[in-house]
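Colleague: Below you will find the structure I want to go over with you.
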Amino acid sequence: MKIVGTRAPRAEGIEKLTGKAIYVDDLPLNDFLWGLTVRSTIPYGRIRSIGFDPSEDWSGVTIVTAKDVPGKNVVVLLEQDQPLLATERVMHQQEPIALLAHPDRERLWELAKKVKIDYEPWAPVLDIDASLAVAQKLFRDDNIFKSIGIDKGDVEAAFSRAARVVERTYETGLQEQAYIENQGMVATYDAAKKRLKVAGSMQCPYYVLKGLCPIVGLPPEQVEVEQAATGGAFGGKEDYPTILAAHAALLSMKSGKTVKMIYDRVEDLMATTKRHPCRTRIRTAHDADGRILALDIDATMDGGAYCTLSPVVLSRGTIHAGGPYNFENVRVRSRCVATNTPPNGAFRGFGAPQTIFAMERHMDVLASIFGEAPHRFREPYLLQAGQTTAFSQNVGEDVCIVEIQRQAVEETRFVERRRACEEFNRTSRWERRGIGLATFLHGAGFTGNGEVALDSKLKVDVTPDGIVQIFSANTEMGQGKDTTFGQIAAEAMDLPLSRVRVVTPNTQVVPNSGPTVASRTAMVVGYLVQQACKALRRSLEEHAGKTWKDEAEFASVAADYLRRRGLLEKWAQYQPPPGKVWDDKAYRGAAYGAYAWACYVAEVRVRLDTMEARVEAFDAFQEVGRVLNPVIAQGQIEGGVVQGLGYALQEEVKMRQGVMANANFTNYIIPTFADVPEVKVHFAERPYPFGPFGAKGIGELPMDGPGPAVANALSHALGVEVNRIPATPEHLMELLQGE
Amino acid sequence: MSDPAAETVIRCTINGRAHEHRCHPLASALDFLRYVVRLTGTKEGCKEGECGACAITLDGVVVNSCIVPAAHLQGRQVRTVEGLGADARFSALQQAFLDCGGAQCGICTPGMLVTGTALLEDGRPLTEQRIREYMAGNLCRCTGYGKIVEALLKAAEGGR
Amino acid sequence: MRTDLSAFRLERPRTLDEALATLASSKERLTLLAGGTDLYVYLNAGLARAGRWLDIWGLDELRGIRESGGYIVLGALTTYTDLQASELVCAVLPLLAQAAATVGAVAIQNRGTLGGNLVNGSPAGDSLPPLLAYDAELGLRSARGSRWVRLDGFYTGYRATVLAPDELVELIRIPRASAVAVTAGRYVKVGTRAAQAISKVVAAFALGRSAAGEIAHARVAFGSVAPTPIRLRALENHLLGRKLDDALVRSSADCLAAEIAPIDDIRSTARYRRFVSKNVWVRFLEECF
Chain A
1 MKIVGTRAPR
11 AEGIEKLTGK
21 AIYVDDLPLN
31 DFLWGLTVRS
41 TIPYGRIRSI
51 GFDPSEDWSG
61 VTIVTAKDVP
71 GKNVVVLLEQ
81 DQPLLATERV
91 MHQQEPIALL
101 AHPDRERLWE
111 LAKKVKIDYE
121 PWAPVLDIDA
131 SLAVAQKLFR
141 DDNIFKSIGI
151 DKGDVEAAFS
161 RAARVVERTY
171 ETGLQEQAYI
181 ENQGMVATYD
191 AAKKRLKVAG
201 SMQCPYYVLK
211 GLCPIVGLPP
221 EQVEVEQAAT
231 GGAFGGKEDY
241 PTILAAHAAL
251 LSMKSGKTVK
261 MIYDRVEDLM
271 ATTKRHPCRT
281 RIRTAHDADG
291 RILALDIDAT
301 MDGGAYCTLS
311 PVVLSRGTIH
321 AGGPYNFENV
331 RVRSRCVATN
341 TPPNGAFRGF
351 GAPQTIFAME
361 RHMDVLASIF
371 GEAPHRFREP
381 YLLQAGQTTA
391 FSQNVGEDVC
401 IVEIQRQAVE
411 ETRFVERRRA
421 CEEFNRTSRW
431 ERRGIGLATF
441 LHGAGFTGNG
451 EVALDSKLKV
461 DVTPDGIVQI
471 FSANTEMGQG
481 KDTTFGQIAA
491 EAMDLPLSRV
501 RVVTPNTQVV
511 PNSGPTVASR
521 TAMVVGYLVQ
531 QACKALRRSL
541 EEHAGKTWKD
551 EAEFASVAAD
561 YLRRRGLLEK
571 WAQYQPPPGK
581 VWDDKAYRGA
591 AYGAYAWACY
601 VAEVRVRLDT
611 MEARVEAFDA
621 FQEVGRVLNP
631 VIAQGQIEGG
641 VVQGLGYALQ
651 EEVKMRQGVM
661 ANANFTNYII
671 PTFADVPEVK
681 VHFAERPYPF
691 GPFGAKGIGE
701 LPMDGPGPAV
711 ANALSHALGV
721 EVNRIPATPE
731 HLMELLQGE
Chain B
1001 MSDPAAETVI
1011 RCTINGRAHE
1021 HRCHPLASAL
1031 DFLRYVVRLT
1041 GTKEGCKEGE
1051 CGACAITLDG
1061 VVVNSCIVPA
1071 AHLQGRQVRT
1081 VEGLGADARF
1091 SALQQAFLDC
1101 GGAQCGICTP
1111 GMLVTGTALL
1121 EDGRPLTEQR
1131 IREYMAGNLC
1141 RCTGYGKIVE
1151 ALLKAAEGGR
Chain C
2001 MRTDLSAFRL
2011 ERPRTLDEAL
2021 ATLASSKERL
2031 TLLAGGTDLY
2041 VYLNAGLARA
2051 GRWLDIWGLD
2061 ELRGIRESGG
2071 YIVLGALTTY
2081 TDLQASELVC
2091 AVLPLLAQAA
2101 ATVGAVAIQN
2111 RGTLGGNLVN
2121 GSPAGDSLPP
2131 LLAYDAELGL
2141 RSARGSRWVR
2151 LDGFYTGYRA
2161 TVLAPDELVE
2171 LIRIPRASAV
2181 AVTAGRYVKV
2191 GTRAAQAISK
2201 VVAAFALGRS
2211 AAGEIAHARV
2221 AFGSVAPTPI
2231 RLRALENHLL
2241 GRKLDDALVR
2251 SSADCLAAEI
2261 APIDDIRSTA
2271 RYRRFVSKNV
2281 WVRFLEECF
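Here the protein sequences line up with chains A, B and C, keeping their order. Residues 1 to 739 (the working numbering) make up the first sequence, in order. Residues 1001 to 1160 (the working numbering) make up the second sequence, in order. Residues 2001 to 2289 (the working numbering) make up the third sequence, in order.
The structure is reproduced here in structure tokens:
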């Protein structure tokens, strides 16, 4: 291959390196208003009235409340429980109640203070236990957005013959996506033409379109959604941009002007979605030799005040809970509950990091109890060809986790380093070292029949000057999709990269190739790029009666084709891989088209005087199908790992009365250059027949491993079970001292 | 910024060109550059000097423009990402970022390049350790920093 | 920013005398602006005090590091970068140089000033424990004249100082004798990350031993464990004249625990701050002697 697998430079690199890339806050606008959201300041209660301080001159201020919504006042996702603007009651702090627009951005903040909302406060439900106890009914009768069960074998029988049962509870906290570009949207409504255009920072233009139409009461043909350059997303710009787009749109419709809404960091942190906190209890049944007879998992996630995407997050978390193991008897029960906190949402990994943390910690706990090295204890259970996962999917030949873990153990000298850490710990007065690993899989693409339901479509065409254009709704948000799509197309067409253009996602221009989430873009949509380009190539070759020898010849063939026949475009549509069946009722079967396999190894050093932990070395052994571009693939893994290290050690959302109290970058601590080691990435390639040139999805994987690998290393270092992350110094102190 | 009486005239040189604009002297240098001068390469990330996305140099000194008053640009040589490289050619650091994958989403990139350029220009020998210390005020959520370290080392090598 | 600037005025005096005259004649309390690293955080958050602001950043009379009459004298506008670049500071006041290197990161160090850190008065101020440990005195200046006050006594409560409304901090001076008396010193900053951190606990330890091996000089200063940065006087007195042994390590740690009063806040817990304060002190004693 000439182009796939090479270090092709980032397609939009020049714009980004010269300051010319246009993000939403950079869009050139004339005669526009700034928009601002007035939000609730209590976690739960009735709105008695919304008042506007009469001492203020409100002329010249555009005001929108729920009364001004022309369509339905609802954010449509899986349920319709979330209003766009609160009316009678507020369900969480920072819930949008009213919208203001004014030409002077600074003045808006003063105006917002003069909107007086009178509440009757109710006792809020602020955690999982209060929700399960149904202290207040927030969602239906039981506060449960979704519950899921997985069963394999006979768990009860296995527990009844167990010589020993080991039970632990594992906890993971909220985590903020912390994209460096805050959320933002610009909306322009043309009343004469009844057309609305929104542009902004987003992952999923068609999600925004789908959400906007019922709110503004316009058909999709009259609504245009365009992605601006997007400064990081990580799931945080999957569903929330719909809300912001609708807010800006309503202000534009009412004022008749373009309205720009850009959150600042504090607002973004306080109001937008975060990773679901999760509490996972694992019980294992063991025979007299310590062998695992059965696995019983019970996981509860906190979804926040509205359902949003929680059922799907729970689904992925539940499916990944059993890890890359072949246990005979498995039971998983999981649920996602409602609380009076801002809704939690998508974040890289989407439920999987939480349950994988629990599983991989539990394996280390067991290894320690039964006196075996962590890798040795895991190995007999690792999936091999023809074996089945916890959700009864036969992995067939597409599995290599035994090899990956063996490679990781050998190449990191895991056993020797483990011994060296223990030796060090015997003599050091003030420091402890430890090393740990986590072994896991991650399914790429939508779960179960989700990809079929998405029914992604993609178009390519060729221009008269011989440029192949890719029309897809998938967004570039830093992950390198413009580059890898270009490489796939160039390879498929046998053309240089300069002959390929990736068109900016705009719902009036590109077909719906699905959302840019779930590690699906390179694998699922990239495959459509390859398929469409194959068809395009075939047409041109048939037209010319031969293949082109160089790009100049290609250009003349293309020009000739267009001259004689007019248009040349080719479409590709998602087809499920043959023989993969998922039973959504029983939660059994082929949950994902492909899995990528990984084993991550972390070494930590802990200062006993401060309990500050530092990750001194990190190795990611990562199977990826096929590396489309080593720089981009490494960048995905390295960056994801560092987010994972923050999740493991530093990133703690401190909630007070249902709102983030440390809502700034001074107090919500993400890793800096100085906090992290070089992340060493070791790729293995087992091509996937239904991915472009064999590639699998890898975007989320790196988020799964660091949490448990680091917690396992900390447990090794300190000789206590670190079963909760973030393992802040305060938490480690408490563990060591006993609560 | 709406009260003309409180405004002042800021005269400074930005990326080698003389500029003169009216602005409240306490507006942040970031807002001045982005919304008055309309140079939008410099980005807002946190507005509290914590993330470095807004880094610029004043007379060669790196500052976070979100916490510097516009008044302090008076008479200074200001450099932003738009002023890196020359004659539409990449600087060694920009090229190294492209080669090594130092930019992903790109929002921290202007600040990274400005701070990194100051680091390269200070002339002291570059080690990974020194890069990690010097650059620690520039947050990146995409790369995990490794590729930026690589780019800085590469640019430093090329420069000698 | 979240602040409507129409209620703000900035004045930019050209000389120190002009600044002092403005301060003297103003009926309202002026906000002094130097590098802006603290004030702009408030301004951007909509939490700054409106009214007249006086920009002293341009007053070069408030810059410079020199040695004079047995003192190291630092201008109030000395930045953290200036401190690290000064051979004098690095050689004679290493705890201060170390502190300077831990404040924020480069862009903050280029703008943050000692005077700003002092007047802002955050109990977490990184430069304050080393200045306390070196017996720093502050030269306060107004149109009425000058006076020296000891830093240990400058704060009257949480973010409150003895500074009169018409006064500013002009100079910081450290007796050379207080610096050279230190034979074992350590600066400790505990944040949650390696850089760009706000201290959960910050401390400077400066001990001097006599030829006979007794502790002849003792300064123990902490930040973030009380409403103001503090010196632990009882601990210092407990140490003086004694030789270091295991018993002294233990008893001094008890002294320390009795003298600090940390609280729970958004950055950490009182329990953790107690744990860390004691440990870093014990570790220092064990490793430095």
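All residues carry an ideal CB built from backbone N, CA and C; glycine is no exception.
#1: Go through its chain and collect everything with a Cβ distance to C:Arg2176's Cβ below 6 Å, but skip five positions before and after it.
#2: By the criterion of Cβ-Cβ separation under 9 Å, what are the contact partners of B:Phe1090 in chain D?
#3: Are there 16 or more other CB atoms within 10 angstroms of the CB of C:Gly2075, so buried, or fewer, so exposed?
#4: If we define contact as Cβ-Cβ less than 8 Å, is A:Val225 a contact residue for chain C?
#5: Have a look at the DSSP bridge pairing and note the partners of A:Met261.
#6: Exposed or buried, what is C:Val2162 when buried is set at 16 or more other beta-carbons lying within 10 Å of its beta-carbon?
#7: Can you list the residues of chain C that B:Gly1052 reaches, using a CB-CB cut of under 8 Å?
#8: Which residue or residues does DSSP assign as beta-bridge partners of A:Met301?
#9: Could you tell me the distance, in whole angstroms, from the CA atom of A:Ile369 to the CA atom of A:Met363?
#10: From this set, A:Thr280, A:Arg419, A:Thr18, which residue's C-alpha is nearest A:Gly351's C-alpha?
#11: Does DSSP put A:Ala709 in a helix, in a strand, or in coil?
#12: Would you say B:Asp1087 faces chain A, with C-beta separation under 8 Å as the test?
#13: When the Cα atoms are used, what is the spatial distance from A:Asn344 to A:Ala305?
#14: Would you mind reading off the limits of the beta strand (DSSP E) that contains A:Lys570?
#15: CB B:Leu1033 to CB B:Leu1039, shorter than 8 Å?
#16: Measuring CB to CB, does A:Tyr688 end up less than 8 Å from A:Lys680?
#17: Mind checking the stretch 716-735 of chain A against chain B and listing, in chain order, the residues whose C-beta falls within less than 8 Å of any C-beta there?
#18: Pull up the DSSP beta-bridge partners for B:His1021, would you.
#19: For the stretch 2164-2173 of chain C and the stretch 2042-2050 of chain C, state whether three or more C-beta atom pairs, one from each stretch, are separated by less than 8 Å.
#20: Do you know offhand how far A:Arg107's Cα is from C:Lys2027's?
#21: Skipping 5 residues on each side, what residues in its chain have a beta carbon closer than 6 Å to that of C:Arg2159?
#22: So, does the CB of B:Arg1160 fall closer than 8 Å to a CB anywhere in chain A?
#23: In the DSSP assignment, find the alpha helix (DSSP H) that holds A:Gln407 and state where it starts and stops.
#24: Buried or exposed: which applies to A:Thr427, given that a residue is buried once 16 or more other Cβ atoms fall within 10 Å of its Cβ?
#25: Tell me which residues of the stretch 1093-1127 of chain B have at least one Cβ-Cβ distance to chain A shorter than 8 Å, keeping chain order.
#26: Measure the C-alpha to C-alpha separation of A:Leu536 and A:Glu397 and round it to an integer number of angstroms.
#27: Grab me the residues of C:Ala2034's own chain with a C-beta within less than 7 Å of its C-beta, minus the 5 sequence neighbours each way, in chain order.
#28: Alpha carbon to alpha carbon, what distance is there between A:Pro9 and B:Val1167?
#29: Ordered along the chain, which non-local residues of its own chain (more than five positions away) have a Cβ less than 6 Å from that of A:Met253?
#30: Applying the criterion that 16 or more other CB atoms from any shown protein chain within 10 Å of the CB defines a buried residue, is A:Pro121 buried or exposed?
#31: Would you mind telling me which residues of chain B sit closer than 8 Å to C:Arg2012, beta carbon to beta carbon, in chain order?
#32: Along the stretch 2178-2210 of chain C, where does the CB come closer than 9 Å to a CB of chain A? Name the residues.
#33: At the 8 Å Cβ level, is A:Arg275 part of the contact set with chain B, yes or no?
#34: Bridge partners of A:Ile150, per DSSP?
#35: Run down chain A in chain order and give the residues with a C-beta less than 9 Å from the C-beta of B:Gly1060.
#36: Just mark C:Leu2047 as buried or exposed, buried being the case when its beta carbon has 16 or more other beta carbons within 10 Å.
Modeller: Checking against the coordinates, here is how it stands:
#1: Gly2070
#2: Annotation note: the requested chain D is absent from the structure, which comprises protein chains A, B and C.
#3: buried
#4: no
#5: A:Met185
#6: exposed
#7: Ala2105, Ala2107
#8: A:Cys278, A:Cys336
#9: 10 Å
#10: A:Thr280
#11: helix
#12: no
#13: 8 Å
#14: 569-573
#15: yes
#16: no
#17: none
#18: B:Ile1010
#19: no
#20: 27 Å
#21: Gly2121
#22: For B:Arg1160, the predicted structure reports a pLDDT of 47, less than 50, and the residue's modelled location is therefore unreliable. The matter cannot be settled from this model.
#23: 401-411
#24: exposed
#25: Gln1094, Phe1097, Leu1098, Asp1099, Cys1100, Gly1101, Ala1103, Gln1104, Cys1105, Gly1106, Ile1107, Cys1108, Thr1109, Pro1110, Leu1113
#26: 32 Å
#27: Ile2056, Trp2057, Leu2077, Thr2113, Gly2115, Gly2116
#28: Only positions 1001 to 1160 of chain B appear in the structure, and residue 1167 of chain B is not among them; the question remains open.
#29: Tyr189
#30: exposed
#31: Pro1025, Ala1071
#32: Val2188, Val2190, Gly2191, Thr2192, Arg2193, Ala2194, Ala2195, Gln2196, Ala2197, Ile2198, Lys2200, Val2201
#33: no
#34: A:Val332
#35: Chain A residues near B:Gly1060: none, gap ~19 Å exceeds 9 Å.
#36: exposed
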